[in-house]
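Count along the sequence shown starting at 1, add 94, and that's the number in the numbering used here.
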Amino acid sequence: KRSLNEVEYEKYESIYHILTKDMPIPNMVIYLDASIDVLENRIDLRGREFEKKISTSYLEQLSSDYRMFINDFEAKHPDVPVIRFNGDEMDFVQNSQDLNIILEKVSATLHKMNLRDKYGIPANAVITIAGTVGVGKSTMTKMLADALHFKTSFEKVDTNPYLDRFYEDFSKWSFHLQI
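In structure tokens form, the structure reads like this:
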């Protein structure tokens with residue numbers, strides 16, 4: 095919203111509502127957050143050329159926007175559990191104990207919501223993993239999918255023709271990137 099002009103935002107909203115009208119609300123949201131220093135370090139470690147253009151101020155604004163989004167989501171959907179993890183305090187990639195804590199919380203929430211079949215596999219659960227760039231959403235998704243036998247869906251960032259342009263000029267390429 096911040097990087098789209100008013101006309102583009104109205105178009106985006108119209109298209110978004112058409113495309114998401116029949117989509118289910120997630121059964122659970124896993125929200126990953128981290129400090130700007132941790133995000134920048136992870137982005138550097140990832141080594142994606144187009145992400146080198148991400149400014150600290152952009153990360154600060156994006157982090158703030160995600161926090162507002164998740165708080166708004168919780169207010170609008172109080173029946174959907176939001177499990178929050180702080181990437182400054184947990185490193186689920188390097189520390190298997192942190193990953194186990196996350197897996198236990200997710201499994202317990204699925205169990206409490208009766209979203210497991212007779213074999214213990216999540217049945218028809220829609221889980222959304224949210225957070226800013228560099229926080230570990232894709233890695234978390236892969237690890238949860240492996241451990242809990244989920245099917246996943248990923249955006250193909252390496253072949254997205256707009257990401258590189260977007261980080262060079264937000265206002266010019268935001269609409270293209272979102273559509």
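For each residue, glycine too, the CB sits at the ideal point set by N, CA and C.
Predicted, not measured: the structure shown is a model, and the values here were computed from it.
Less than 8 angstroms between the beta carbons of residue i and residue j, yes or no?
i                 : j              : result
threonine 233     : valine 187     : yes
methionine 122    : isoleucine 177 : yes
leucine 153       : threonine 235  : no
threonine 203     : proline 120    : no
phenylalanine 179 : leucine 139    : no
isoleucine 130    : isoleucine 148 : no
proline 118       : valine 220     : yes
leucine 98        : tyrosine 110   : no
Around the C-beta of residue i, are 16 or more other C-beta atoms found within 10 angstroms, so that it is buried, or is it exposed?
i              : result
valine 101     : exposed
leucine 238    : buried
isoleucine 124 : buried
glycine 141    : exposed
lysine 146     : exposed
lysine 231     : buried
Less than 8 angstroms between the CB atoms is what I'm expecting for residue i and residue j, so what's the real figure, rounded?
i             : j              : result
alanine 224   : aspartate 182  : So it is not a contact: roughly 17 angstroms between Cβ atoms.
aspartate 192 : methionine 184 : 4 angstroms
At a cut-off of 7 angstroms, is residue i close to the ligand NAP when judged by its beta-carbon and the heavy atoms of the ligand?
i           : result
alanine 239 : With respect to the ligand NAP, the structure shown offers nothing to examine, as it has no ligands at all.
*Every unbroken alpha helix (DSSP H) inside the region 190-249 [4 residues or more]*: 190-206 and 231-242
*Kindly confirm or deny that the region 162-176 and the region 100-118 touch, where touching means at least three C-beta pairs closer than 8 angstroms.*
no
*Report yes or no: do the region 238-253 and the region 153-162 share at least 3 C-beta pairs separated by less than 8 angstroms?*
The count of Cβ pairs closer than 8 angstroms, one atom from the region 238-253 and one from the region 153-162, stays below three, leaving the stretches out of contact.
*Hey, which unbroken runs of the beta strand (DSSP E) at 3 residues or more fall wholly within the region 96-157?*
122-127
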